[in-house]
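All remarks here apply to the structure that follows.
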Amino acid sequence: MKRIFHYTASSHDEGLKIYEFLKRQGYSKAVLTHIRKTPDGILLNDCAAFSSVRLKKDDLLTISLIDEKPSEQIVPVPVPIHIVYEDEDLMVLDKEANQPIHPSINNYDNTLANGLAWYFSQKGEPFVYRCINRLDRDTTGLLIVAKNMLSAAILSEMGKRREIHREYLAIVQGETPPEGTIDAPIARMDDSVIARCVDFTHGDHAVTHFQRICFQRNLSLVSLKLETGRTHQIRVHMKYIGHPLIGDFLYHPDFSLIHRQALHSHRLSFSHPITKEWLSFTSPLPKDMQLF
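According to the numbering used here, the residues represented by the sequence shown are -14 to 277, in order.
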């Protein structure tokens, strides 16, 4: 997969070294190293150039990013994927339930990554898997996949700065307060490699905001927004305040109403990593959650 970027130096860029200019565009150290090693990876006014060359006003800079080797250990398999949006730099997918996002010991060929590898193999394009916001196997909804190393680097930094805005919908036990904020650190449970818990001594900072949308049959539909992105954050925090997600095999293993944790990545909003256009996507509740 090849992606070419064109930049024109302005008066504000004059005197900058090429690598300094590119760092301002979001190029990480790894991306800069890659283009330095790529033949004609950096062209200045259509001529090969070192990244240490200084720019002049109106200089034309052309950068080539080339992925020639696909991700190892990801076998192309026609696993269903649901594409909400796609361009040269990223994809937004709507993940279904019971679908891991990447291969593991017990999930070698049934993952979202396998489906994407198949999708690109049918187009004759090498595929490197770069998932930006990960979802648990049974969590449904929207996630971002970067299509090149530059968009991945910029999106990852945006994620660290909380510039990718995510809203989840969950069905929880009992009647929650109308709204609230849960500020409680999360750590791994001592006797588990998977489960997490609130731990004010050893936990990492974690903040979740919630708002109740409706209450019926002793169940609340809540909207949740994250300030932090800890593993199982929503599931742990809602259990902590006495309102666990229904169908959660780890934290509330009651499957009388639904056979998975009732959690859905409903809305995703962010600035496009390359064009800076504001993007916003929504995904309706899946059928098993619509029943309530």
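Backbone N, C-alpha and C fix where the C-beta goes; we use that ideal spot for every residue, glycine too.
Just so it is clear, the structure is predicted and the values come from calculations on it, not from any experiment.
Going straight from the alpha carbon of residue 237 to that of residue -1, what length do you get? One C-alpha to the other measures close to 59 Å.
Taking the straight line between their C-alpha atoms, what separation do you get for residue 13 and residue 139? Spanning the alpha carbons of residue 13 and residue 139 requires a straight line of approximately 8 Å.
Which term fits residue 182, buried or exposed, when burial requires 16 or more other beta carbons within 10 angstroms of its beta carbon? By the neighbour-count criterion, in which 16 or more other beta carbons inside 10 Å mark a residue as buried, residue 182 falls on the buried side.
Helix, strand or coil for residue 140? Go by DSSP, reduced to three states. Three-state result, residue 140: helix.
Does the distance from the C-beta atom of residue -9 to that of residue 45 stay below 8 Å? Contact flag set, yes.
Alpha carbon to alpha carbon, what distance is there between residue 196 and residue 55? Approximately 42 Å, taken between the alpha carbons.
Please find out if some non-hydrogen atom of the ligand MN comes closer than 7 Å to the beta-carbon of residue 87. As far as ligands go, the structure on display features none, and thus does not contain the ligand MN.
Roughly how far, in whole angstroms, is the beta-carbon of residue 102 from the beta-carbon of residue 61, given that I think they are within contact range, below 8 Å? Contact flag correct, Cβ pair sits at about 4 Å.
Would you call the region 27 to 39 in contact with the region 83 to 102, where contact means no fewer than 3 C-beta pairs closer than 8 Å? When C-beta atoms of the region 27 to 39 are compared with those of the region 83 to 102, fewer than three pairs fall below 8 Å, so the two segments do not count as touching.
According to DSSP, is residue 71 helix, strand or coil? Looking at residue 71 - three-state DSSP - the assignment turns out to be strand.
Do residue 249 and residue 274 have their C-beta atoms within less than 8 Å of each other? A contact, by the Cβ cut-off of 8 Å.
Between the Cα of residue 151 and those of 254, 22, 34, spot the shortest distance and give me the residue it belongs to. Nearest neighbour of residue 151 by Cα position, chosen from 254, 22, 34, turns out to be 254.
Do residue 201 and residue 171 have their C-beta atoms within less than 8 Å of each other? Contact flag unset, no.
In the DSSP assignment, what are the bridge partners of residue 196? Looking at the DSSP assignment, residue 196 forms a beta bridge with 164, 208.
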